[in-house]
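What follows is a set of notes on a single structure, which appears directly below.
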Amino acid sequence: MGAELLFDLLHARDVAVCRMHHRDVANDGLDRIVRHSGSKKCQCLRHLSTWIAANPGTFDDPLKAGALKDLFVKSTVALIYGTAGTGKTTMVDLIANYFDGDSKLFLAHTNPAVDNFKRRVSASNSEFSTIYSHTKYPTGRHYRLIVIDECSTVSNASLLKILGSTTFDLLVLVGDVYQIESIEFGNWFTTIRSYLPPESVFELTKPFRTTDAALLTLWDRVRNLDDKIEESISKNKYATVLGDSLFKARQADEIILCLNYDGLYGINNVNRFLQASNRSLAVEWGESTYKVNDPILFNDTDRFSGIVFNNLKGKIVKIATDKGRITFDVDIDRTLKLSDFAFAMDIRWTGGSIVQFDVFQRGNTDDDDDASATIVPFQIAYAVAIHKAQGLEFDSVKVVITDANDDRISHAIFYTAITRARQDLNIFWSAEVQQRMLSKMAVRENSKDELILRKRTGVTPVATRQKLTKSRLPV
């Protein structure tokens with residue numbers, strides 16, 4: 001019996017029991033964080049002012065310098081909130097560099113976020129891992145500092161596994177409460193803010209992903225469910241009726257975000273149509289077709305020594321076939337160096353950001369049991385699911401919302417979709433769908449779990465936080 005089916009059966013039989021279990025997990029995780037935060041006062045930043053003065057060009061925002069001075073003064077746990085592109089990773093890098101030389105662990109739910117850490121955190125003695133890998137294969141090390149990114153996507157159970165398998169002095173929690181939430185039950189990140197001193201909570205507000213004033217205004221209005229969302233959409237011509245313009249690229253770095261896989265404007269059909277419009281020679285492999293210039297996203301694979309990973313962007317630049325084998329050259333969206341390939345067996349570096357690898361027909365590998373070598377490790381990605389785009393960004397983003405799926409677009413999903421764009425944004429929907437979806441858009445927060453936490457653990461809030469629950473005024 002599959003795990004999803006089992007959960008559905010349990011949920012149908014006794015939803016209260018399931019929710020109580022998740023609440024217990026959440027309460028345990030929150031209780032551990034709260035108690036750790038007050039376990040001891042950190043004297044680690046006593047030389048911080050001297051360090052800041054010695055590195056005047058390090059800070060792109062003076063607010064970051066001020067926040068860094070306060071984060072660990074009253075607590076060993078710190079929170080960094082921020083909307084998309086506001087410099088959360090930059091803030092993390094500043095913290096990491098102050099602790100340069102100390103042991104540090106950087107965790108995230110997705111591989112793109114982990115790679116973002118690897119590329120942008122320059123401090124020495126740093127380890128990087130997905131939460132899944134770290135909790136499955138714990139190192140047993142004690143860390144001076146642990147940083148967890150994408151906290152809104154971290155389930156209560158995953159948080160508890162991290163806390164139960166890792167010892168540390170300082171903990172930094174990073175994320176955006178308005179991004180897509182955890183697929184599993186996870187509400188701890190919206191709650192924890194009330195239980196830490198205000199000095200240990202820093203919210204970034206200045207965006208760096210884009211300088212487009214119109215985009216920034218729309219993001220802010222959607223985030224806060226402002227009554228002028230429609231005005232932003234109309235004034236900047238973000239809304240477009242579904243039609244042929246969906247298939248006409250505006251930029252080279254472009255993605256179409258959908259909810260459905262099937263249907264005329266589903267992911268599968270959009271990918272087929274746009275690949276057919278690609279004039280490069282078609283290469284058939286099994287039941288699939290590949291062309292030079294096809295955009296791709298890599299799937300989760302352990303085959304390539306971490307050089308490519310789940311959700312890494314790329315573009316096919318060369319395809320060659322031989323008996324029982326197809327070879328791909330792919331230009332990937334990351335910087336490469338020779339040392340990355342020191343232990344690589346199945347992937348080659350051809351220069352720049354281009355990698356080369358082979359896929360074999362089943363039964364034609366040196367080891368017939370090596371099934372991973374017979375699987376194409378990527379998907380064609382002219383269009384992808386909105387959830388799949390979490391953590392990615394593109395010059396141009398097209399969001400498809402039809403009358404068949406507008407009821408599945410939550411505030412978090414819509415906000416995540418539109419904040420993937422750096423320059424151009426188009427929302428493909430009808431006027432009726434726009435009115436219907438925006439009029440019922442809301443942010444919900446369950447306060448019952450927090451009340452249970454207080455009763456069962458005895459912990460009490462030390463600060464007042466703004467409740468997330470909000471809905472739009474009638475337009």
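Mind the numbering: the sequence shown is residues 1 to 475 in the UniProt record's numbering, read in order.
For glycine and all other residues, C-beta sits at the position ideal for the given N, C-alpha and C.
Out of curiosity, what's the CA-to-CA distance linking residue i and residue j?
| i | j | result |
| --- | --- | --- |
| I326 | N299 | 18 Å |
| Y137 | V359 | 28 Å |
| F189 | Y178 | 11 Å |
| I409 | M437 | 8 Å |
| D102 | R144 | 6 Å |
| A442 | D329 | 45 Å |
| S232 | A214 | 7 Å |
| V73 | L312 | 38 Å |
| residue 480 | N426 | The chain is shown only over 1 to 475; residue 480 falls outside these bounds and no answer can be derived. |
| I162 | V376 | 32 Å |
| I146 | I95 | 11 Å |
| T58 | Y98 | 11 Å |
| V15 | A67 | Summary for V15: the model assigns pLDDT 36, below 50, so the residue's position carries little reliability; its value from the coordinates is reported in the next sentence. When rounded, the distance between both Cα atoms is 42 Å. |
| H22 | D115 | With a pLDDT of 43 at H22, under the threshold of 50, the modelled position of that residue is not reliable, and no figure is offered here. |
| R193 | I148 | 15 Å |
| V121 | D93 | 5 Å |
| L171 | V400 | 39 Å |
| D368 | R362 | Confidence in D368 is poor, its pLDDT being 46 and thus under 50, which makes the residue's placement unreliable; the coordinate value appears in the next sentence. Taking the straight line joining both Cα atoms gives about 7 Å. |
| D331 | T130 | 24 Å |
| D140 | S126 | Residue 140 is actually Gly in this sequence, not Asp. Rounded to whole angstroms, G140 to S126 spans 15 Å at the Cα level. |
| R348 | A373 | 14 Å |
| Y197 | K235 | Checking the sequence, you will find Pro at residue 197 rather than Tyr. About 42 Å. |
| A249 | Q379 | 19 Å |
| A282 | T289 | 6 Å |
Taking all protein chains shown into account, decide if residue i is buried (16 or more other Cβ within 10 angstroms of its Cβ) or exposed.
| i | result |
| --- | --- |
| M91 | buried |
| I255 | buried |
| F128 | buried |
| A108 | buried |
| residue 483 | What the structure shows of the chain is the stretch from 1 to 475, and residue 483 is not part of that stretch, so it cannot be assessed. |
| H47 | exposed |
| D434 | For the sequence presented, residue 434 should be read as Gln rather than Asp. The residue is buried, with at least 16 neighbouring Cβ atoms inside 10 Å. |
| R119 | exposed |
| V241 | exposed |
| K315 | buried |
| G352 | exposed |
| R422 | buried |
| S75 | buried |
| N111 | buried |
| N55 | exposed |
| E287 | exposed |
| T211 | exposed |
What does DSSP give as the partner residue(s) for residue i in the beta ladder?
| i | result |
| --- | --- |
| residue 495 | The displayed coordinates of the chain run from 1 to 475. Any statement about residue 495 would go beyond what the structure contains. |
| G85 | Its beta-bridge partners do not exist; DSSP assigns none. |
| C151 | Answer by DSSP bridge pairing: none, since C151 is not bridged. |
| K313 | L297 |
| F328 | I319, F357 |
| H142 | T167 |
| L257 | V384, V399 |
| W219 | In DSSP, W219 forms no bridge with anything. |
(message) Does the structure place the segment 210-225 close enough to the segment 418-431 that three or more beta carbon pairs sit under 8 Å?
(response) The segment 418-431 vs the segment 210-225: in contact.
*If you pair each beta-carbon of the segment 51-69 with each one of the segment 384-399, do three or more pairs fall below 8 Å?*
Too few Cβ pairs lie closer than 8 Å, so no.
Just list the beta strand (DSSP E) runs in the segment 337-405, keeping only unbroken ones of 3 residues or longer that don't cross its boundaries, in chain order. Taking only runs of at least 3 residues, the beta strand (DSSP E) segments lying wholly in the segment 337-405 are 347-351, 354-360, 378-380, 383-385, 394-400.
Three-pair Cβ contact test at 8 Å for the segment 73-86 versus the segment 191-203
Yes: the two stretches touch, three or more of their Cβ pairs being nearer than 8 Å.
Of all the alpha helix (DSSP H) runs that stay within the bounds of the segment 156-184, which reach a length of 4 or more residues? Runs found: 156-165.
### Query
Is the segment 396-406 touching the segment 332-340, taking contact as three or more C-beta pairs under 8 Å?
Because the criterion of three Cβ pairs below 8 Å is not met, the segment 396-406 and the segment 332-340 do not touch.
Notebook entry, point to check: Mind pulling the beta strand (DSSP E) runs of 3 or more residues that sit fully within the segment 60-129?
Noted result: If only uninterrupted beta strand (DSSP E) runs of at least 3 residues are considered, those enclosed by the segment 60-129 are 77-82, 104-108.
Note to self: With a threshold of 8 Å, are at least 3 pairs of Cβ atoms found where one atom belongs to the segment 269-277 and the other to the segment 302-310?
What the structure shows: The answer is no - the segment 302-310 does not touch the segment 269-277, with fewer than three Cβ pairs under 8 Å.
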